[in-house]
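A.B. asks: Take a look at the following structure, please.
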Amino acid sequence: MNAELSKTTRASDDSSQSTAKAIWIVATLCVGGLVASLMQTLIIPIQPELPKLLDTSSSNASWVITATLLAAAVAMPVAGRLGDMFGKQRILLISAILLVVGSLICAIGSGLVPMIIGRAVQGLAMGFVPLGISLMREVTPPRLTSMAVAAMSATLGVGGAIGLPLSAWVAQQWDWHALFWMSAGLAVIITALVAIVVPRVDDAVGGHFDAIGALLLGVGLVGALIAVSKGNDWGWGEPATLGLLIGGLVVLLIFGLYELRQSDPLVDLRTTARPAVLLTNIAAIAIGFGMMAQSIVIPQLLELPTATGYGLGQSLLAAGLWMAPGGLMMLLFAPVSGGMINRFGAKPTLALGATVLGVGYLAALFLMNAPWQLLVASIIGCAGVGIGYAAMPTLIMDATPIEEAGAAVGLNGLMRSVGTTTASAVMAMVLTSSTIDLGGHAVPAESTFHLCFLIGAIAAFVGAAITLFIPVAKRKRAIIQNDSSAVDEAVTVGS
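Numbering (this note's numbering), first residue to last: 10 to 504.
Right, here's the structure in full:
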């Protein structure tokens, strides 16, 4: 009996040690995702001053933001495929190193060209997030996987929300280069943690990297996304806008036809066409649109002068602080979402998240008279994002072979980026559709904010409706058979 008790005690100790190892790994990946996402809002506080700081025009300075967006969109599916081929830990480490390099280029340089190059390299590091998500089920016991995926998914929103006030404070206290020295320091820490803590799981499936497919995807995405992001500035009917949009879509069509002929494609479109994957990706566009819309509209309403009669007269730093609790709400709802996925499944969890996001927008229609009211609306919306963002990659991984998980989750991240980019263009178009004169400057009319909130609600509810048609896939755990073996094996391989 004593021997049996001793054996039970040792098993319990092994399980506790395995759980502790998994938590350290998850924490490292989440912090890495947080830092990578932070880059998305890093320069927003100094955006109005960029033309002066870089000695260039406003149109040229806007490429500093666009370059990060484009690089991130291309990087996510490509990094996912490379992770499947060569091992996710290796590509995670490369992504972290790219973040260091990009940050240093921006910190050292002062002109427009080095800034655009550095920001593009920072954007390439966004492949860290889908890679980290796809690695979760290989390094966590089953009971922790959903919560780990939820926490990692939440970093997409949390990083952006926290980044706004943090960047505003740093920019006010020091020279603007300090923003990039800060990001470089954080990136160095993440690189070291990934190298030390994240195990090198034997998950490389090998194969041939589809360089032509990657080139076609990159050209098509860059063309289409430049047209969408610059359409308001250039004019939607201008030859440059139409040429890039149509040309980009044509190249993406060629990419699709080319991929169907490949035995080892960059993106397996046959897997992507499965209803569970396809509908989840379409829902990701709608929910990504809904998430980004509030990130654009609410800060503008907070910062408009009170002289308009509806603006709330907040400084950039104050507006960021009012938005920050929403980002924290995403993080707080990560374990809630994980628990819901375990109990009810990813499909109803995603539908609920999209619905709560839509309710947040409807609340904003009636809560526009004080900063605290917009805070309430933002918290509701961000809670919905926190719930929904965790469910999307779970749905994708449940319907995808494990050897394709990285590429599939990366493509889902790309779909969210398409949604956020489209939201930026649509919200900008709506906000400039009706203006009032304030001291010789045109500012958005109050009606445009109502319309933006209504469009955001519609997008979220459309996402919820699409989710209802997603077929439920049987959950697969090809690697993990019990709570402790997977983590023990992963750490052993990595040590």
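Think of the CB as a built atom: it goes at the ideal place given N, C-alpha and C, for glycine as much as any other residue. Keep in mind the model is a prediction, meaning the values are calculated, not measured.
In terms of residues, what are the limits of the beta strand (DSSP E) holding T457?
C.D. replies: Taking the first residue of the sequence shown as 1, we reach residue 457 at position 448. It is not in any beta strand (DSSP E) - T457 instead sits in the alpha helix (DSSP H) that spans E455 to T476.
A.B. asks: Per DSSP, H217 forms a beta bridge with which residues?
C.D. replies: Indexing the sequence shown from 1 puts residue 217 at position 208. Beta-bridge pairing links H217 to no other residue.
A.B. asks: Going by beta carbon distance, what residues of the same chain come within less than 7 Å of G141, once the five residues before and after it are set aside?
C.D. replies: Within the sequence shown, the letter at position 132 stands for residue 141. Cβ within range, chain order: L38, G41, G42, L101 and M161.
A.B. asks: From P208, G127 and I125, pick the residue whose C-alpha is nearest to that of I32; which is it?
C.D. replies: For the purposes of this step, residue 32 is identified with residue 23 of the sequence shown, where counting begins at 1. Nearest of P208, G127 and I125 to I32, Cα basis: P208.
A.B. asks: Using a Cβ distance threshold of 8 Å, determine whether the region 253-263 contacts the region 415-430, with at least three qualifying pairs required.
C.D. replies: No, the region 253-263 does not touch the region 415-430.
A.B. asks: Nearest CA to the CA of Y267: which residue from T457, S304 and L225?
C.D. replies: For the purposes of this step, residue 267 is identified with residue 258 of the sequence shown, where counting begins at 1. Of the listed residues, the one whose Cα sits closest to Y267 is L225.
A.B. asks: Measuring CB to CB, does D219 end up less than 8 Å from G415?
C.D. replies: Taking the sequence shown and counting its residues from 1, one reaches residue 219 at position 210. Taking the sequence shown and counting its residues from 1, one reaches residue 415 at position 406. Cβ atoms of D219 and G415: not closer than 8 Å.
A.B. asks: Measure the CB-CB distance between I475 and A285 and report whether it falls below 8 Å.
C.D. replies: What you label residue 475 is simply residue 466 of the sequence shown in a count that begins at 1. What you label residue 285 is simply residue 276 of the sequence shown in a count that begins at 1. Against a cut-off of 8 Å, the Cβ pair of A285 and I475 comes out as no contact.
A.B. asks: Roughly how far, in whole angstroms, is the beta-carbon of I114 from the beta-carbon of G127, given that I think they are within contact range, below 8 Å?
C.D. replies: For this step, residue 114 is matched to residue 105 along the sequence shown. For this step, residue 127 is matched to residue 118 along the sequence shown. 3 Å between Cβ atoms; contact.
A.B. asks: What do you get for W381, buried or exposed, if any count of 16 or more other CB atoms within 10 angstroms of its CB means buried?
C.D. replies: As a first step, residue 381 must be located in the sequence shown, where it is residue number 372. W381 should be labelled exposed.
A.B. asks: Is it the case that the region 147-155 contacts the region 322-340, given that we only count it when at least three CB pairs across the two stretches are under 8 Å?
C.D. replies: Short answer: they don't touch.
A.B. asks: Thinking C-alpha only, which one of L325, L321, L63 and M124 is nearest W178?
C.D. replies: Counting from one through the sequence shown, the residue named residue 178 turns up at place 169. Looking at the Cα atoms, L325 is the closest of the given residues.
A.B. asks: Could you tell me which residues DSSP puts in a beta bridge with L447?
C.D. replies: The sequence position of residue 447 within the sequence shown is 438, counting from 1. Paired residues: H450.
A.B. asks: Should I125 be labelled buried (16 or more other beta-carbon atoms within 10 Å of its own) or exposed?
C.D. replies: Here residue 125 refers to the residue found at position 116 of the sequence shown. So I125 ends up on the buried side.
A.B. asks: Is it buried or exposed, F137, if we count other Cβ atoms within 10 angstroms and call 16 or more buried?
C.D. replies: Residue numbering aside, residue 137 sits at position 128 when the sequence shown is read from its first letter. F137 should be labelled buried.
A.B. asks: On the DSSP letters alone, give me the boundaries of the alpha helix (DSSP H) that A282 sits inside.
C.D. replies: Here residue 282 is taken as the residue at index 273 of the sequence shown, counted from 1. Careful: A282 lies outside any alpha helix (DSSP H) and carries neither H nor E.
A.B. asks: Just to check my reading of the structure: I388 and V365 have Cβ atoms closer than 8 Å, yes? What is that Cβ distance to the nearest angstrom?
C.D. replies: The count along the sequence shown starts at 1 and reaches residue 388 at position 379. The count along the sequence shown starts at 1 and reaches residue 365 at position 356. No, I388 and V365 are not in contact; Cβ-Cβ is about 10 Å, not under 8 Å.
A.B. asks: What's the gap between the Cα of I255 and the Cα of A233?
C.D. replies: Position 246 of the sequence shown, counting from 1, holds the residue named residue 255. Position 224 of the sequence shown, counting from 1, holds the residue named residue 233. I255 and A233: Cα-Cα distance of roughly 7 Å.
A.B. asks: Identify which residue in V122, M156 and P174 has its Cα closest to the Cα of G329.
C.D. replies: In the sequence shown, the residue the question calls residue 329 occupies position 320. Here the closest residue by C-alpha is P174.
A.B. asks: Out of F298, R146, L359 and A451, which has the shortest C-alpha to C-alpha gap to V210?
C.D. replies: Reading the sequence shown from its first residue, position 201 is the one you call residue 210. Residue R146 is the option with its Cα nearest to V210.
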